[in-house]
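Q: Handing you a structure now.
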Amino acid sequence: MFIPQVYAVALGMMILSMICWGSWANTQKATGAWRFELFYWDYVWGILILSLLAGFTVGRTDAASADSFLNSLRSTDGSHVMLALAGGAIFNLGNILLVAAIAIAGLAVAFPIGIGLALVIGAVLNYIVAPRGNPVLLFGGIALVCVAIVLDAMAYRKLAKDLKVTTKGIVVSLLSGVLIGVFYPLVAKALQGERHLVPYSVFFVFALGILACTIPANLIFMRRPVVGAPVTLADYFKGTGALHFWGILGGTIWGVGTVSNFVASYAQMVGPATSYALGQGATMVSAIWGVFVWKEFAGAGQDARRLLALMFAFFLVGLACIALAPVVR
């Protein structure tokens, strides 16, 4: 299987994960009025398909190796499989709740609470699981990224001056942040110890966990949506080939980012805390799409533009600190 042997390659994979995690949502925008609950089925199929493609290609460069994709699945034990399954299910529930939080409270509330909390919880727990990297640079960079997330939210708040913050929106944002923050340490544990999984096999089992969680969770959200009227599976099958394609592509893009992140975290010179934290720079990538492609701030005033400029500055410095953490002692 392919594992980076030099830090430059591992860094490239972490940057790729950041780009993919921050870009997949554009495929949902491309579907227009197609409901997210319907989009999500294809998104999950895209993740599962990508996990198999990765496993049988770069995860199986030497089929006879004990670390190859299939051999890893054969030799692992139930506890490591359960960790990966639980990681996938917990992430998926957190992801669905984040979408719900955005619908209820808007980006200005959901992002700083949900993503900010997830970044802090995930980085701390991952560092406890595998303490690698310069802690001052790592957590200093994380603090700067958290400031950038708050600035991003403040800029969106300028666009939505009539936004009403509800207790429900805050609670859902908090729940999503906790869940997204705790999933990665479970994956990190599944990659450690005797008879552990390898990144490609852990991603496949992780994808199965996502699928297992999606079936009951998404059916509930279809019947009781946060926004809009209920939808049914019949509505899903009425979708055009193009609509289903965008969903599968979205899952594939997210999957490329996730397997890249898992592989980078497995490299001895990186560790899960750095890989996870750098991947969460996806918020900056999504902001770039929003500003320069979707023109979300086309009518924004000078205050919002200044906040965006500060946001990008804090993000870049924070990400640079996180990127340097594994190489500066």
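According to this note's numbering, the sequence shown is numbered sequentially starting from 68.
Even glycine gets a Cβ: it sits at the ideal position worked out from N, Cα and C.
Keep in mind it's a predicted model, so treat the numbers as computed, not measured.
Look up A371 in the DSSP assignment and say whether it is helix, strand or coil.
A: Helix at A371.
Q: Within 8 Å, do at least three Cβ pairs link the segment 306-318 to the segment 232-245?
A: Short answer: they don't touch.
Q: Please classify R262: is it buried, with 16 or more other beta-carbons within 10 angstroms of its beta-carbon, or exposed?
A: That one is exposed.
Q: Less than 8 Å between the C-beta atoms of T167 and G276, yes or no?
A: Here residue 167 turns out to be Ala, not Thr, going by the sequence shown. Not closer than 8 Å, so no.
Q: Among A175, L165, R396, I114, which has the Cα closest to the Cα of A279?
A: Taking only the C-alpha atoms, the option nearest A279 is I114.
Q: Within 10 Å of its beta-carbon, does K256 have 16 or more other beta-carbons around it, so buried, or fewer, so exposed?
A: With 16 or more Cβ atoms within 10 Å of its Cβ, K256 is classed as buried.
Q: Buried or exposed, going by whether 16 or more other CB atoms sit within 10 Å of the CB of Q347?
A: Its Cβ being crowded by 16 or more others within 10 Å, Q347 is buried.
Q: Is the segment 98-116 touching the segment 345-360, taking contact as three or more C-beta pairs under 8 Å?
A: At 8 Å Cβ cutoff, the stretches do not touch.
Q: Within this structure, are the beta carbons of T143 and L264 separated by less than 8 Å?
A: Against a cut-off of 8 Å, the Cβ pair of L264 and T143 comes out as a contact.
Q: Nearest to G385 by alpha carbon, out of G155, W361, A185, L211?
A: Out of G155, W361, A185, L211, L211 has the C-alpha closest to the C-alpha of G385.
Q: Taking Cβ to Cβ, would you say I70 is nearer than 8 Å to V352?
A: Going by C-beta atoms, I70 is not nearer than 8 Å to V352.
Q: Put I70 into one of helix, strand or coil per three-state DSSP.
A: Here I70 sits in coil by DSSP.
Q: Do the segment 200-217 and the segment 374-382 touch if we need at least three Cβ pairs shorter than 8 Å?
A: Counting Cβ pairs under 8 Å, three or more are found: they touch.
Q: Considering only C-alpha positions, which residue in the set L105, V73, C87 is nearest to P297?
A: When each option's Cα is compared against that of P297, the closest is L105.
Q: For the pair the segment 192-206 and the segment 358-372, tell me if three or more CB-CB distances fall below 8 Å.
A: No: the two stretches stay apart, fewer than three of their Cβ pairs being nearer than 8 Å.
Q: Since I believe W321 is in contact with W91 (beta carbons under 8 Å), could you give me their beta-carbon distance rounded to a whole number of angstroms?
A: The Cβ separation is near 4 Å, so the contact holds.
Q: Spatial neighbours of Y333 within its chain, please: C-beta separation below 8 Å, excluding the five flanking residues on both sides.
A: Closer than 8 Å at Cβ, skipping near neighbours: I70, L258, V265, P266.
Q: For P15, tell me which candidate among K225, Y223, F178, N328 has the shortest Cα-Cα distance.
A: Since the first residue shown for the chain is 68 and the last is 396, residue 15 is missing from the structure and cannot be characterised.
Q: Would you decide whether L78 is buried or exposed? Buried here means 16 or more other CB atoms lie within 10 Å of its CB.
A: L78 should be labelled buried.
Q: Considering A274, what are the terminal residues of the alpha helix (DSSP H) in which it resides?
A: Note, A274: alpha helix (DSSP H), 266-290.
Q: Taking A446 and G173 to be in contact with their CB atoms under 8 Å, please state how far apart those CB atoms are, rounded to whole angstroms.
A: No information on residue 446 is available, as it lies outside the stretch 68 to 396 that the chain covers here.
Q: Compare the Cα-Cα distances from A390 to each of D370, G368, T341 and report the closest residue.
A: Taking only the C-alpha atoms, the option nearest A390 is T341.
Q: Determine the DSSP secondary structure at H263, reduced to helix, strand or coil.
A: Three-state DSSP puts H263 in coil, outside helix and strand.
Q: Return yes when the Cβ of T124 is within less than 8 Å of the Cβ of D219, no when it is not.
A: For D219 and T124, no; Cβs fall outside 8 Å.
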